[in-house]
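Student: Residue numbers (the working numbering), protein chains in the order written: chain C, 273 to 600; chain Z, 273 to 600.
Beta carbons: idealized from backbone N, C-alpha and C, even for Gly.
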DNA sequence: TACAATTTTGAAAGGGCTTTCAAAATTTTT
DNA sequence: AAAAATTTTGAAAGCCCTTTCAAAATTGTA
């Protein structure tokens, strides 16, 4: 069933059917009723692809994320989807697994399908910038990087001030009297770099030695557990541990519990990202809210203005907030 | 830049350009090189929408879920996306928030855009079956319900045997010597119904009174906490608590801890769904693995055969597995 | 009643591709 | 060298809409 069949059945031209479908004003009431009856009778739905062909848009955007199973990304993907849905767009979800080749392939496919825009979620996407293919793929598609930056013509950013986030955590611990504050670096993304910089800067400002208090470990629960073991083995004096991820912090909590060290009485712990885990673990984790929902909303706003080619775009920076739990 | 421009620039017809684009064999090597040079020079990407127009497919499927921030749904959405990506499809994500009207709207939009298929994730979607509009919307689109069932012509299911899952938990507790086993009902979906039925059946089989050991509560952490309070207030003898959701079980753990009751020494607790939370909480939760990844994979397989109109479809049932943690 | 103004309708032109079919060019066979 | 077989190419139709523009029908005005 296409618009021609409907037109024939209703005894009108396709133009008239199109007018009825699009609820245009200039259709005789009698004609409209006749057409609508036929439409209903055949459960007719006009082809979105053909419409896209005319408007050159499928009202669809692509969201690239490392892995939507990571709560942080899920939250941001959720917000982006809901916001775009309100605006009449559908969202294509792409899990790149942190693999840049995979990301380039996704971009190839979705730009080929002429998505109206792309949101890249996470600072890991900063790394696809240098790829020569990316620039040409994204030449005609507006892009917003949520929590990242890409130095390309159509690309704008919504960033969280990670550096400030770590500052808040360190200052909070300092005020509580902690001096032997360690920072656990668990990844090697640009975001992690900024966190580390924030740690160093804040420690310096407080008159403490930051450099000697940085430890590296793997990402995830296990990384936190191991880091504690190593820290205790080294006989270092530890009064607080600042983590760049909640999951790592929870690993730290588990490690400390295993070693019989009480939190927060003997050692305080802070996480980052305000994941659901932070409320689930024991004791509830002090963490930094990275405002995922806000970042999602702002990304959508920004991308929409880009799509509509309005003329005033600007990258934005969002302030994180310290959420004090019972682990500090 | 369209195929006509490329053809003109290369001094050939659009048919030839199309052949080169689609890597067809019958093109003279010299001609091919000439066309490819032009293609590269202009960074030409053929319009996916126009292609969709011809093939009547955008190689896209829609996944409807209640909320991708719920880890269980995120896992299944992730698996579905990855599997479809391998097969050359993109996935549109839709968060209905459990609202049926919203779900119908999404279905309206995505079927209008002629998605090749739809996956509905969760037994909540069983409820849109009776809606008159749904049947007509889905008349020409293959549908798979993951963890649910819909009695419509093109609809098939991949189900987890929830009843068995609860049985495994109850039997496990029984073997450990527990007799005062309570079941916490926290939702009112079909899946929750089956879990409750599983509890009653198993208790009966073991010669215990099931009916008297069912308690209702709200969904989520808070629900678990409250349920414990009420249970303790009622002075009932409690030796184990079986929950239909990990999050509820974690609430129970928190409630018990608050009341100074040791887990698992005094009361054992089990969850459901094998969420990440189960490993994060203290003590680690005994839970039932609902095989989200497997369900996702099977759903994709099934939907693909439906899309390709192969002739042998069958709904499937997946066996859950008990994961014994430290809470029982 | 004749004319202008307005409302309602339809024909036709895109939009950018794939595909079919026949023509042209080339190679092989006799 | 002519005929047959094969490879390579292009014209044109089709996919299903929206939109423009002009024609037809209706209403209002003089």
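Identify the contact partners of residue 490 of chain C in chain Z, using a Cβ-Cβ distance below 8 Å as the criterion.
Tutor: Within the first chain, the letter at position 218 stands for residue 490 of chain C. Those within 8 Å of residue 490 of chain C in chain Z number zero; the least Cβ separation is about 16 Å.
Student: Quick check on the DSSP output: what are the complete beta strand (DSSP E) runs of length 3 or more inside the region 312 to 363 of chain C, in order along the chain?
Tutor: The region 312 to 363 of chain C contains these whole beta strand (DSSP E) runs: 332 to 337.
Student: Round the Cβ separation of residue 539 of chain C and residue 497 of chain C to the nearest angstrom and send it over; I've been treating them as touching at under 8 Å.
Tutor: Taking the first residue of the first chain as 1, we reach residue 539 of chain C at position 267. Taking the first residue of the first chain as 1, we reach residue 497 of chain C at position 225. Rounded, the Cβ-Cβ distance is 14 Å, inconsistent with contact.
Student: Can you check whether the C-beta of residue 363 of chain C is within less than 9 Å of a C-beta belonging to chain Z?
Tutor: To locate residue 363 of chain C, count along the first chain from 1; it is residue 91. With 9 Å as the cut-off, residue 363 of chain C counts as an interface residue toward chain Z.
Student: Ordered along the chain, which non-local residues of its own chain (more than five positions away) have a Cβ less than 8 Å from that of residue 441 of chain C?
Tutor: What you label residue 441 of chain C is simply residue 169 of the first chain in a count that begins at 1. If we look at residue 441 of chain C and ignore the five residues flanking it on each side, its Cβ neighbours are 514, 542, 544, 558, 560 and 594.
Student: Can you tell me which of the three DSSP states residue 453 of chain Z falls into?
Tutor: Numbered from its first residue, the second chain carries residue 453 of chain Z at position 181. In the structure shown, residue 453 of chain Z sits in a strand (DSSP, three-state: E or B).
Student: Starting from the Cα of residue 409 of chain C, find the closest Cα among Z:575, Z:375, Z:484 and Z:318 and give me that residue.
Tutor: Position 137 of the first chain holds residue 409 of chain C. Answer by Cα proximity: Z:318.
Student: Give a yes or no on contact between the region 329 to 338 of chain C and the region 288 to 301 of chain Z, applying the rule of three or more CB pairs nearer than 8 Å.
Tutor: Judged by Cβ distances under 8 Å, the region 329 to 338 of chain C makes no contact with the region 288 to 301 of chain Z, as fewer than three pairs qualify.
Student: Using a beta-carbon distance below 9 Å, is residue 402 of chain C in contact with chain Z?
Tutor: Position 130 of the first chain, counted from the start, is the residue given in the question as residue 402 of chain C. Cβ-Cβ to chain Z under 9 Å: no for residue 402 of chain C.
Student: Consult DSSP for residue 367 of chain C and reduce its assignment to one of helix, strand or coil.
Tutor: As a working note, residue 367 of chain C is residue 95 in the first chain. DSSP places residue 367 of chain C in strand when its eight states are reduced to three.
Student: Is the region 401 to 421 of chain C touching the region 447 to 454 of chain C in the sense that three or more CB pairs, one from each, lie closer than 8 Å?
Tutor: Contact between the region 447 to 454 of chain C and the region 401 to 421 of chain C is absent, because fewer than three Cβ pairs lie under 8 Å.
Student: Please determine if the region 342 to 358 of chain Z and the region 570 to 590 of chain Z are in contact, where contact requires at least 3 C-beta pairs separated by less than 8 Å.
Tutor: In short, these stretches touch, since the Cβ pair count reaches three.
Student: Can you give me the C-alpha to C-alpha distance between residue 320 of chain C and residue 386 of chain Z, rounded to a whole angstrom?
Tutor: As a first step, residue 320 of chain C is located in the first chain; it is residue number 48 there, counting from the start. As a first step, residue 386 of chain Z is located in the second chain; it is residue number 114 there, counting from the start. Spanning the two alpha carbons is a distance of roughly 6 Å.
Student: Note down, in chain order, all residues in the region 308 to 321 of chain C with a beta-carbon under 8 Å from any beta-carbon belonging to chain Z.
Tutor: The residues in question are 315, 317, 318, 319, 320 and 321.
Student: For a test of the three-state rule: what should DSSP assign to residue 413 of chain C, helix, strand or coil?
Tutor: As a first step, residue 413 of chain C must be located in the first chain, where it is residue number 141. Looking at residue 413 of chain C - three-state DSSP - the assignment turns out to be coil, as it is neither helix nor strand.
Student: What is the residue span of the beta strand (DSSP E) that residue 389 of chain C lies within?
Tutor: Translated into the one-based positions of the first chain, residue 389 of chain C becomes position 117. 389 to 393 is the span of the beta strand (DSSP E), which, as asked, contains residue 389 of chain C.
Student: Using the three-state DSSP reduction, which class does residue 429 of chain C fall into: helix, strand or coil?
Tutor: Translated into positions along the first chain, residue 429 of chain C becomes position 157. Strand, per DSSP.
Student: Shorter than 9 Å from the beta carbon of residue 372 of chain Z to some beta carbon of chain C?
Tutor: Along the second chain, read from residue 1 onward, the residue named residue 372 of chain Z stands at position 100. By this cut-off, residue 372 of chain Z is not an interface position.
Student: Using DSSP with H/G/I as helix, E/B as strand and the rest coil, what is residue 308 of chain Z?
Tutor: What you label residue 308 of chain Z is simply residue 36 of the second chain in a count that begins at 1. The answer is helix: DSSP assigns residue 308 of chain Z an H, G or I state.
Student: Apart from the five residues just before and just after residue 348 of chain Z, which ones in its own chain have a Cβ nearer than 7 Å to its Cβ?
Tutor: Counting from 1 along the second chain, the entry for residue 348 of chain Z is found at position 76. So the list reads 393, 418, 564, 567 and 568, once near-sequence residues are dropped.
Student: Given that residue 408 of chain Z touches chain C, what residues does it touch there, using C-beta distances under 7 Å?
Tutor: Along the second chain, one-based indexing puts residue 408 of chain Z at 136. Correct list: 315.
Student: Shorter than 9 Å from the beta carbon of residue 459 of chain C to some beta carbon of chain Z?
Tutor: For the purposes of this step, residue 459 of chain C is taken as the residue at position 187 of the first chain. No, no contact with chain Z.
Student: Of the residues that make up the region 556 to 576 of chain Z, which ones have a beta carbon closer than 9 Å to any beta carbon in chain C?
Tutor: Listed by position along the chain: nothing, the set is empty.
Student: Just to confirm before moving on: does the CB-CB distance between residue 399 of chain C and residue 434 of chain C stay below 9 Å?
Tutor: Within the first chain, the letter at position 127 stands for residue 399 of chain C. Within the first chain, the letter at position 162 stands for residue 434 of chain C. Not a contact, by the Cβ cut-off of 9 Å.
Student: On the premise that residue 474 of chain Z lies in contact with residue 517 of chain Z, defined as a C-beta separation below 8 Å, what is that separation, rounded to the nearest angstrom?
Tutor: For this step, residue 517 of chain Z is matched to residue 245 along the second chain. For this step, residue 474 of chain Z is matched to residue 202 along the second chain. About 18 Å separates the two Cβ atoms, so there is no contact after all.
Student: What are the residues that DSSP puts in a beta bridge with residue 488 of chain Z?
Tutor: As a first step, residue 488 of chain Z must be located in the second chain, where it is residue number 216. DSSP lists Z:457 as partners of residue 488 of chain Z.
Student: In the structure shown, what three-state DSSP assignment does residue 594 of chain C receive?
Tutor: Residue 594 of chain C sits at position 322 when you count from the first residue of the first chain. Residue 594 of chain C: strand per DSSP, three-state reduction.
Student: Straight-line CA distance for residue 549 of chain C to residue 352 of chain C?
Tutor: In the first chain, the residue the question calls residue 549 of chain C occupies position 277. In the first chain, the residue the question calls residue 352 of chain C occupies position 80. Taking the straight line joining both Cα atoms gives about 22 Å.
Student: Can you tell me whether residue 364 of chain C is buried or exposed, with buried defined as 16 or more other CB within 10 angstroms of its CB?
Tutor: Here residue 364 of chain C corresponds to residue number 92 of the first chain, with the count starting at 1. By the 10 Å Cβ count, residue 364 of chain C comes out buried.
Student: Excluding the five sequence neighbours on either side, which residues of its own chain have a C-beta within less than 6 Å of the C-beta of residue 488 of chain Z, listed in chain order?
Tutor: If you number the second chain from 1, residue 488 of chain Z lands on position 216. So the qualifying residues of the chain are 457.
Student: Under 9 Å, do residue 413 of chain C and residue 430 of chain C count as touching if we go by C-beta distance?
Tutor: Translated into positions along the first chain, residue 413 of chain C becomes position 141. Translated into positions along the first chain, residue 430 of chain C becomes position 158. Cβ atoms of residue 413 of chain C and residue 430 of chain C: not closer than 9 Å.
Student: Expressed to the nearest angstrom, what Euclidean distance is found between the alpha-carbon atoms of residue 322 of chain C and residue 597 of chain C?
Tutor: Taking the first residue of the first chain as 1, we reach residue 322 of chain C at position 50. Taking the first residue of the first chain as 1, we reach residue 597 of chain C at position 325. Looking at the two C-alpha atoms, the distance is approximately 54 Å.
Student: Near residue 415 of chain Z, which residues of its chain fall below 6 Å by C-beta distance, leaving aside the five closest residues on each side in sequence?
Tutor: As a working mapping, residue 415 of chain Z is identified with position 143 in the second chain. Within the same chain, residue 415 of chain Z has close Cβ partners 390, 426 and 427.
Student: Taking residue 423 of chain Z as part of the alpha helix (DSSP H), name the residues at either end of that continuous run.
Tutor: Residue mapping note: residue 423 of chain Z aligns to position 151 of the second chain, counting from 1. Careful: residue 423 of chain Z lies outside any alpha helix (DSSP H) and carries neither H nor E.
Student: Is it buried or exposed, residue 526 of chain C, if we count other Cβ atoms within 10 angstroms and call 16 or more buried?
Tutor: For the purposes of this step, residue 526 of chain C is identified with residue 254 of the first chain, where counting begins at 1. So residue 526 of chain C counts as buried.
Student: What are the start and end residues of each continuous beta strand (DSSP E) run of 3 or more residues lying completely inside the region 535 to 566 of chain C, in chain order?
Tutor: Qualifying beta strand (DSSP E) stretches, in chain order: 540 to 542 and 559 to 561.
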